[in-house]
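In this note's numbering, the protein residues as written are 70 to 159.
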């Protein structure tokens with residue numbers, strides 16, 4: 070039997086400057102991201118900064134980089150669906 074492991078869950082952290090993770094800086098945003106299909110992800114448990122447009126765009130870019138075109142997220146008890154391509158076209 071041959072075994073394949075596929076990455077399906079990530080911890081997303083947001084920093085106020087580039088290379089924040091490598092520099093071991095404190096993060097300003099943290100969330101769980103779970104793959105829910107070949108092109109979609111579920112984001113939950115986000116804590117930290119206000120989830121403004123710039124932050125949404127940066128999250129969309131990060132998810133697009135791992136092949137996700139749709140993000141379903143819960144924030145303050147509300148469900149939001151983000152169309153990554155549409156958000157990045159604006």
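Think of the CB as a built atom: it goes at the ideal place given N, C-alpha and C, for glycine as much as any other residue. Only a predicted model underlies this, so the values are computations on that prediction, with no experimental measurement involved.
Residue i (DSSP reduced to helix, strand or coil)
i: residue 126; result: helix
i: residue 158; result: helix
beta-carbon residue i near the ligand PLP non-hydrogen atom, thresh 7 Å
i: residue 124; result: This structure simply doesn't include the ligand PLP, nor any ligand for that matter.
CA nearest to the CA of residue i, picked from the options
i: residue 82; options: 107, 139 and 116; result: 116
i: residue 78; options: 91, 127 and 135; result: 135
i: residue 112; options: 92, 75, 151 and 85; result: 151
i: residue 123; options: 73, 89, 85 and 80; result: 85
Environment of residue i [buried if 16+ CB atoms lie within 10 Å]
i: residue 100; result: buried
i: residue 137; result: buried
i: residue 110; result: buried
Endpoints, beta strand (DSSP E) assigned at residue i
i: residue 149; result: 147–152
i: residue 94; result: Taken as a continuous stretch (DSSP letters only), residue 94 belongs to no beta strand (DSSP E), as it is neither H nor E.
i: residue 113; result: 109–117
i: residue 81; result: 78–83
i: residue 142; result: 139–144
Nonlocal neighbours in the same chain, by C-beta distance under 8 Å from residue i, ignoring five residues either side
i: residue 130; result: 157
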